[in-house]
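According to our numbering, the residues represented by the sequence shown are 1 to 166, in order.
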Amino acid sequence: KVFGADTRLSLIFPATEKHINKYRRQERKWIRETPELYSKVTQPFIYAQPQSQIQWVYNILSKAVEADRIVYEDPDPLNGFIILPDLKWDNATAASMYLVAIVHRRDIKSLRDLTDMHLPLLKNIRAKADIAAQHYGVPHDKLRLYVHYQPSYYHFHVHITNVDIE
Numbered sequence: 001k002v003f004g005a006d007t008r009l010s011l012i013f014p015a016t017e018k019h020i021n022k023y024r025r026q027e028r029k030w031i032r033e034t035p036e037l038y039s040k041v042t043q044p045f046i047y048a049q050p051q052s053q054i055q056w057v058y059n060i061l062s063k064a065v066e067a068d069r070i071v072y073e074d075p076d077p078l079n080g081f082i083i084l085p086d087l088k089w090d091n092a093t094a095a096s097m098y099l100v101a102i103v104h105r106r107d108i109k110s111l112r113d114l115t116d117m118h119l120p121l122l123k124n125i126r127a128k129a130d131i132a133a134q135h136y137g138v139p140h141d142k143l144r145l146y147v148h149y150q151p152s153y154y155h156f157h158v159h160i161t162n163v164d165i166e
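Structure, rendered in structure tokens:
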């Protein structure tokens with residue numbers, strides 16, 4: 001079959017039911033999450049998630065897996081993190097560079113947990129993202145750093161991409 005230029009294909013193998021559900025069409029609703037709604041609904045949901053769902057993150061942070069893929073690490077327990085290529089990226093094409101900074105701290109689950117106390121951590125990630133990106137030939141003015149809310153997993157991480165990625 002011939003696909004048009006506006007068609008995207010994602011092949012995920014092996015795919016769990018969770019992977020499949022992520023890409024199924026779902027009804028979407030706009031919700032304004034107030035601090036009260038967060039504390040009564042969202043936060044209890046986040047903290048009810050079993051640790052097993054993010055054990056793979058802890059395995060990366062402890063270097064039990066993917067140690068050879070680490071581009072940069074700051075081991076500081078408060079302001080440290082690991083930067084490594086996202087599995088979506090081919091690890092070579094600068095125009096589609098996609099890295100992820102995963103913080104060492106386990107007490108930051110999402111954007112909602114950040115306070116002014118975390119500014120040194122965020123500034124550290126920003127500064128070291130430049131170094132990591134230069135490793136792939138991506139200059140400072142081509143970097144985009146962002147977080148998702150809600151994230152796909154509840155351990156704070158920052159996406160570091162080339163601005164040219166759609």
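All C-beta atoms in this analysis are idealised placements derived from N, C-alpha and C, irrespective of residue type, glycine included.
All values reported here derive from a predicted model rather than from experimental measurement.
Reduced DSSP secondary structure (H/G/I, E/B, other) of residue i
{"i": "residue 157", "result": "strand"}
{"i": "residue 144", "result": "strand"}
{"i": "residue 162", "result": "strand"}
Alpha-carbon spacing of residue i relative to residue j, whole angstroms
{"i": "residue 149", "j": "residue 110", "result": "7 Å"}
{"i": "residue 53", "j": "residue 59", "result": "12 Å"}
{"i": "residue 90", "j": "residue 75", "result": "26 Å"}
{"i": "residue 129", "j": "residue 83", "result": "8 Å"}
{"i": "residue 29", "j": "residue 40", "result": "19 Å"}
{"i": "residue 85", "j": "residue 93", "result": "12 Å"}
{"i": "residue 154", "j": "residue 18", "result": "15 Å"}
{"i": "residue 140", "j": "residue 99", "result": "14 Å"}
Span of the alpha helix (DSSP H), counted from its first residue to its last, around residue i
{"i": "residue 126", "result": "119-134"}
{"i": "residue 47", "result": "43-48"}
{"i": "residue 57", "result": "55-61"}
Residue i - containing beta strand (DSSP E), residue span
{"i": "residue 81", "result": "81-85"}
{"i": "residue 102", "result": "98-103"}
{"i": "residue 166", "result": "Counting along the chain, residue 166 falls outside any beta strand (DSSP E), and DSSP gives it neither H nor E."}
{"i": "residue 73", "result": "72-74"}
For residue j and residue i, believed in contact at Cβ under 8 Å, the rounded distance
{"i": "residue 162", "j": "residue 95", "result": "6 Å"}
{"i": "residue 127", "j": "residue 143", "result": "Going by Cβ atoms, the distance from residue 127 to residue 143 rounds to 11 Å, so no, they are not a contact pair."}
Quiz item: Taking contact to mean at least 3 C-beta pairs separated by less than 8 Å, is the stretch 57-64 in contact with the stretch 112-119?
Solution: Under the three-pair Cβ rule at 8 Å, the stretch 57-64 does not count as touching the stretch 112-119.
Quiz item: Pairing CB atoms from the stretch 143-161 with CB atoms from the stretch 91-111, are three or more of them under 8 Å?
Solution: Yes: the two stretches touch, three or more of their Cβ pairs being nearer than 8 Å.
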